[in-house]
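Numbering (full-length UniProt numbering), first residue to last: 1 to 460. Single-structure report; data block below.
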Amino acid sequence: MTTNRKMPKTFYWGNSVSSMQTEGAWQADNKGLSVYDVRPATESTTDWHDAIDEFNRYEEDLDLMQSMHMNMYRIQISWSRIVPDGDGAINEQGFAYYDRLVNAMLARGIEPMICLYHFDMPLALAEKQSGFLSRDTVAAFFRFGKAVIDHFADRVKYWITFNEHNLYFTDEVFHISGYTETEQSVDHMYTIFHHTMLAHAQITKYIHDTYSELKIGGMLAYTPIYPATESPADAFAVRKQNEFTYENINSLFVGNAYSPEVAQYIDTHDIDLDWQPADADLLAATYADFLSFSYYRTMVLDARRIPANEVPNRFMNHSTAENQFLEHSEWGWNIDPLGFRNVITDLYNRYRVPVFPIENGIGIKEVWDGEHEIQDDLRIQYHEKHIKAMKDAMFIDGAKVLGYLGWGLIDIPSSHADVEKRYGAVYVNRTNHNLKDLKRVPKKSFYWFQNILGQNGDTL
Ligand code: BG6
C-alpha cells in the first residue's frame, strides 16, 4: 500500500521567536524595563538591549520569511512594552509597534501567533511582588493579556499564554517567573506553577467566552527522557518524571485538574501552593484548542543518580545527555528525530487535540567571512530529518498536526544571551560584543527552506 504524504493545504510553516531575543529597542517608545533589560553582558555573552534590532528591521525580516514561503510567524508581545510597570497604564506606543509588525505580516500572507509571556517579567513586578509568586501578578497578567487579545482579536487567530509552561514546575521556575526571593523552596515552586496555571486558565476562558473563532493552546518544552537501562527502577523514574513534567500539565490544559499522582504528592508532603476553593472550577473549565511545544533533543535518566527523597520535579536535574545511539550538536544536545515523532504521536493519541510543534532547530557556531555563503548542511539535515519524522507521525501514526515552526530562523541570541549559538537560516552579522552592521545574510539552508516550503513540504 502506498501512503499519500501530501501535506494539508492549510499547514503552517514558519518561524518562532521571543521578544527579548529579537526586538532590541529596549527603551524605545516608553517601554518599561523587564528583568532581562538589567542583566549585564559577561565576557562570553551579550546584554539584551539590541538583540537583532527587529524593532527597526521587521520589514526586511518579514520579506526574508515570505521569500522562504513561510505563512506563520510566532512572536511574543512584550508585557513591559505594553504595560511599562506591569500593572499600570497601557502604553499605546507599544501597541503601535505591534500594529506595524502584525499588519506587515498580514500584508505578506504571514499569520501571526502571539505568545503572552516568555520569561521577561516587568522589573517593577519582580521587585514589588516577586513576579508570579504573588496572586496579584496573575491579576496583572490577566489585565495585560485581555488588553492584547482585545486589541488583536480581529487579526490574530492563534494564541499561547506561557512559553514552555512545564519549566514553571521545575527549578527553572526561579529564573523565569520574576522570582526575587532566595528561598527557592518546593512550596514556592508549586505556588508559582499554580499561579501560572490560573493565569493560563483565566486567559483561556476569556478567549473562549469572548471570541469563539480564536484558538488558544498550551505550550510545553519537550525533552523526552529515556531510561538508562532495562532496570525497572529506571522505567519507574522516567514514568514519574513524565507525569510531573508533562502529563500533569497537559491534563490541566484540557481541564482535567491535577494528576492524581501529583495531587497525592501535594497532600502527603503538605505542600502549600496557595490553593483556593474557586481554583478547581476555573481549572476544570479550561480546554486547549491545540497542544504546542518546543522540541530540540532527548536525554537519559539513570535512577541511581537521583538522590533519595528527591522531588520528582527535580528528577531532570540528574539526567544526562550520554546516549550511545545518538549524535549531538556542538552544545552536546542529542539529535533525535524519532524522539520528535514520538512526542507528536503520543500527544495526539493521548489527548486527541491537534498538535503544533512551534520550536525546533539546532544551534551551530558559524562565522561569516563577509563574502561566501555559509554552508550549514548540518542544519539542513536536522530540519529535513525532523520534518520527515513529523510526516511519519502524521501519515503513518495518524497524528493531526497544524504546522511546523523552526526556532530563530533568522539568527537571534540564544537563551543564555550568546549570539554565537545560531539557529538561523539567515545569518545576522553581529557578535556578542560588536553589533557590526546587523546585516541579514541568507545561508545555504535559506534556499533549502525556500525549495521545501515552496512545495508545501510534499517532497519529504
Ligand atoms: C527554548 C526557549 O527553550 O529554547 C528559547 O523558548 C530558546 O528562548 C530556545 O532560545 C533554544 O535554546 P537555547 O538555549 O539554545 O537558546
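For every residue, glycine included, the Cβ atom is placed at its ideal position computed from N, Cα and C. Values in this document were obtained by computation on a predicted structure and should not be read as measured data.
Beta-carbon contacts of residue i that lie in its chain and below 7 Å, excluding the five residues immediately before and after
| i | result |
| --- | --- |
| Met-197 | Leu-252, Leu-283 |
| Leu-338 | Ala-389 |
| Asn-71 | Tyr-12, Trp-13, Gly-14, Gly-109, Ile-110, Glu-111 |
| Glu-127 | Thr-180 |
| Thr-22 | Ala-51, Ile-52, Glu-54, Ile-412 |
| Arg-305 | His-318 |
| Leu-435 | Asp-50 |
| Trp-48 | Met-20, Trp-26, Tyr-36, Asp-37, Arg-39, Ala-417 |
| Ala-140 | Gly-86, Asp-87, Leu-125 |
Cutoff 8 Å; reference residue i; Cβ partners in own chain excluding five residues on either side
| i | result |
| --- | --- |
| Phe-236 | Ala-303 |
| Asp-274 | Arg-135, Thr-191, His-194, His-195 |
| Glu-243 | Ser-259, Glu-261, Val-262, Pro-312 |
| Asp-279 | His-194, Leu-198 |
| Arg-57 | Leu-438, Arg-440 |
| Asp-458 | Arg-5, Lys-6, Met-7 |
| Ala-285 | Ala-201, Lys-205, Gly-255 |
| Gln-241 | Ile-225, Leu-301, Pro-312, Phe-315, Met-316 |
| Asn-250 | Gly-218, Leu-220, Leu-291, Leu-347, Arg-350, Tyr-351 |
Bridge partners - residue i, DSSP secondary structure assignment
| i | result |
| --- | --- |
| Val-428 | Arg-440 |
| Tyr-12 | Gly-403 |
| Met-113 | Arg-74, Tyr-158 |
| His-328 | Asn-334 |
| residue 484 | One cannot answer for residue 484 here, as it falls past the ends of the chain, which runs 1 to 460. |
| Pro-84 | Partner(s): none; Pro-84 has no beta bridge. |
| Phe-293 | Leu-220, Pro-357 |
| Lys-128 | BP columns for Lys-128 are empty, so no partner. |
| Lys-215 | Tyr-158 |
| Ile-410 | Val-426 |
Own chain residues within Cβ distance below 6 Å of residue i, not counting five before or after
| i | result |
| --- | --- |
| Ser-19 | Gln-76, Ser-78 |
| Gln-276 | none |
| Tyr-423 | Gly-361, Gly-363, Trp-407, Gly-408 |
| Asp-234 | Pro-227, Ala-228, Ala-303 |
| Ile-173 | For the record, residue 173 in the displayed sequence is Val; it is not Ile. So the list reads Met-189, Ile-192, once near-sequence residues are dropped. |
| Lys-421 | Gly-363, Ser-414 |
| Trp-159 | Ile-114, Ile-216 |
| Tyr-211 | Ala-153 |
Under the three-state DSSP convention, the category residue i falls into
| i | result |
| --- | --- |
| Val-35 | helix |
| Val-355 | strand |
| Ala-221 | strand |
| Thr-161 | strand |
| Met-394 | helix |
| Leu-301 | strand |
| Ile-266 | helix |
| Arg-108 | coil |
| Arg-341 | helix |
| Thr-137 | helix |
| Ile-249 | helix |
| Arg-422 | strand |
| Ile-306 | coil |
| Ile-364 | strand |
| Pro-277 | coil |
| Thr-286 | coil |
| Pro-227 | strand |
| Pro-232 | helix |
| Thr-45 | strand |
| Thr-320 | strand |
| Pro-122 | strand |
| Ser-415 | coil |
| Gln-27 | coil |
| Glu-371 | coil |
| His-69 | coil |
| Pro-260 | helix |
| Gly-145 | helix |
| Glu-384 | helix |
| Ala-237 | helix |
| Leu-378 | helix |
Distance between beta carbons of residue j and residue i, contact taken as under 8 Å
| i | j | result |
| --- | --- | --- |
| Trp-368 | Tyr-427 | 5 Å |
| Leu-301 | Val-238 | 5 Å |
| Val-102 | Val-156 | 7 Å |
| Asp-120 | Val-35 | 6 Å |
| Ile-149 | Tyr-73 | Contact doesn't hold; Cβ gap of about 18 Å is too wide. |
| Ser-329 | Met-219 | Not really, about 23 Å apart at Cβ, beyond 8 Å. |
| Phe-152 | Ile-114 | 6 Å |
| Tyr-117 | Phe-162 | 5 Å |
| Lys-443 | Glu-373 | 7 Å |
| Phe-356 | Gly-403 | 6 Å |
| Arg-379 | Trp-333 | 13 Å between Cβ atoms; not a contact. |
| Asp-289 | Ile-216 | 6 Å |
| Leu-133 | Ala-221 | About 21 Å; that fails the 8 Å criterion. |
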